[in-house]
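>
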Amino acid sequence: MFLSNIETIPGKTITASHGVVSGSTVRAKHVGRDIMAGLKNIVGGELRGYTELLNESRDQAIERMKAQAQQMGANAIVNVRFSTSSVAVGAAEIYVYGTAVTVA
Amino acid sequence: MEAFAPFFPLLIWVVPIVLGFMFGRLNEKRHYRSIHEREQAWLHLPATASRYPLLPGQIARSELVNGSVVVSVDYFKRAAAGLRSIVGGPVKSYESLLDRAKREAVLRLKESCPGAHEIVNLRLETASLSKNTRGGVGAVEVFAFATAIYMAEPDPV
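Line by line, the protein sequences give chains A and B. For the record, in the first sequence the residue sitting at position 58 is 77 according to the working numbering, with numbers rising by one throughout. For the record, in the second sequence the residue sitting at position 34 is 69 according to the working numbering, with numbers rising by one throughout.
1) In the DSSP assignment, find the unbroken alpha helix (DSSP H) run with residue 66(B) in it and report its ends.
2) Return helix, strand or coil for residue 157(B), following the three-state DSSP convention.
3) What ranges does the alpha helix (DSSP H) occupy inside the stretch 102-140 of chain B, keeping only unbroken runs of at least 4 residues that lie completely in it?
4) Which residues of chain A have a Cβ atom closer than 7 Å to the Cβ of residue 99(B), listed in chain order?
5) Going by the beta-carbon positions, is the gap between residue 140(B) and residue 177(B) smaller than 8 Å?
6) Give the secondary structure of residue 74(A) by DSSP, where H, G and I count as helix, E and B as strand, and everything else as coil.
7) Going by CA-CA distance only, name the one from 57(B), 107(B), 87(B), 153(B) that's closest to residue 60(A).
8) Answer yes or no: does any C-beta atom of chain A fall closer than 8 Å to that of residue 51(B)?
9) With a threshold of 8 Å between beta carbons, is residue 138(B) in contact with chain A?
10) Which term fits residue 167(B), buried or exposed, when burial requires 16 or more other beta carbons within 10 angstroms of its beta carbon?
11) Grouping DSSP H, G and I as helix and E and B as strand, with all else coil, what is residue 167(B)?
12) Strictly below 7 Å CB to CB, what residues from chain A border residue 112(B)?
13) Quick one: does residue 78(B) have its CB under 8 Å from some CB of chain A?
14) Where does the unbroken beta strand (DSSP E) through residue 113(A) begin, and where does it stop?
15) Does chain B have any CB closer than 8 Å to the CB of residue 32(A)?
16) Based on Cα-Cα distance, which residue from 87(A), 68(A), 94(A) lies nearest to residue 48(A)?
Shown next, in the form of structure tokens:
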């Protein structure tokens, strides 16, 4: 599966378009991480626990999007975009979407 | 001891601010040093916000790459920003935090594709993780994503 966030897959030509595909995850952070982050918050700096958490959820969202594209018979997704929003206290939604296409 | 009792609530505020000032400043210095070093090391991999590859030649393959970082501001800076919001104007303490986060995210993106020749369509997104969580952890996530281009190796002549 080829992915890109531009209109084409460089070096390939698009032969068919299948429409929009998307994947999303909603994740809550667990209490242990929250306590550590609270302590880290005093001195500032990177909150590694959250970075990992968001990366994991993003990977999962991408996997879901890829699965959807595969089902449509596509072999590439172009114009991939991400968005993050906090839906509730302590939980965030990661949403990824793009256009499923067939390239040759 | 009794005489100091009224000041205990004040200490709860002052101690994190002092700690934040010392460690926060140290952290920031160290982080900037690391950013400068790595930016120098990655100069050979140019990134562009343009949607078209700038380098001429045959493209072998491309892939979606990303890099992200979650950072929080220290207590001292938060207090400084609070004071600043009374009179308005540039909030320096947050500016440097976001600057560091953005550069770090781009560096991580580059580090995730060591063999690439060019990064096109670089996009940065900032999301606040502390929205509507009063008293919660104040943090922002900076997420960078782009398409990495791998050029075909030129034919050996």
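Backbone N, C-alpha and C fix where the C-beta goes; we use that ideal spot for every residue, glycine too.
Concretely, from the data shown:
1) Taken as a continuous stretch (DSSP letters only), the alpha helix (DSSP H) holding residue 66(B) covers 43-76.
2) DSSP, reduced to helix, strand and coil, places residue 157(B) within a strand of the structure shown.
3) For the stretch 102-140 of chain B, whole alpha helix (DSSP H) runs of length 4 or above, ordered along the chain, are 110-122.
4) Ordered by position in chain A, the residues that pass the 7 Å Cβ test against residue 99(B) are 22, 23, 24, 99.
5) Going by beta carbons, residue 140(B) and residue 177(B) fall inside the 8 Å limit.
6) Residue 74(A) falls in the helix class under three-state DSSP.
7) Comparing alpha carbon positions, the residue from 57(B), 107(B), 87(B), 153(B) closest to residue 60(A) is 107(B).
8) So, interface residue.
9) Answer no: the Cβ-Cβ gap between residue 138(B) and chain A never drops below 8 Å.
10) Note that residue 167(B) has pLDDT 48, beneath the 50 cutoff, so the model's placement of it is unreliable and the number below is only indicative. By the neighbour-count rule (16 or more Cβ atoms within 10 Å), residue 167(B) is not buried but exposed.
11) Note that residue 167(B) has pLDDT 48, beneath the 50 cutoff, so the model's placement of it is unreliable and the number below is only indicative. In the three-state scheme derived from DSSP, where H, G and I count as helix and E and B as strand, residue 167(B) is classed as coil.
12) Around residue 112(B), the beta-carbon contacts reaching into chain A at under 7 Å are 63.
13) Output row for residue 78(B): interface = no.
14) For residue 113(A), the enclosing beta strand (DSSP E) covers residues 110-122.
15) Chain B contact via Cβ: absent.
16) Measuring from the Cα of residue 48(A), the nearest candidate turns out to be 68(A).
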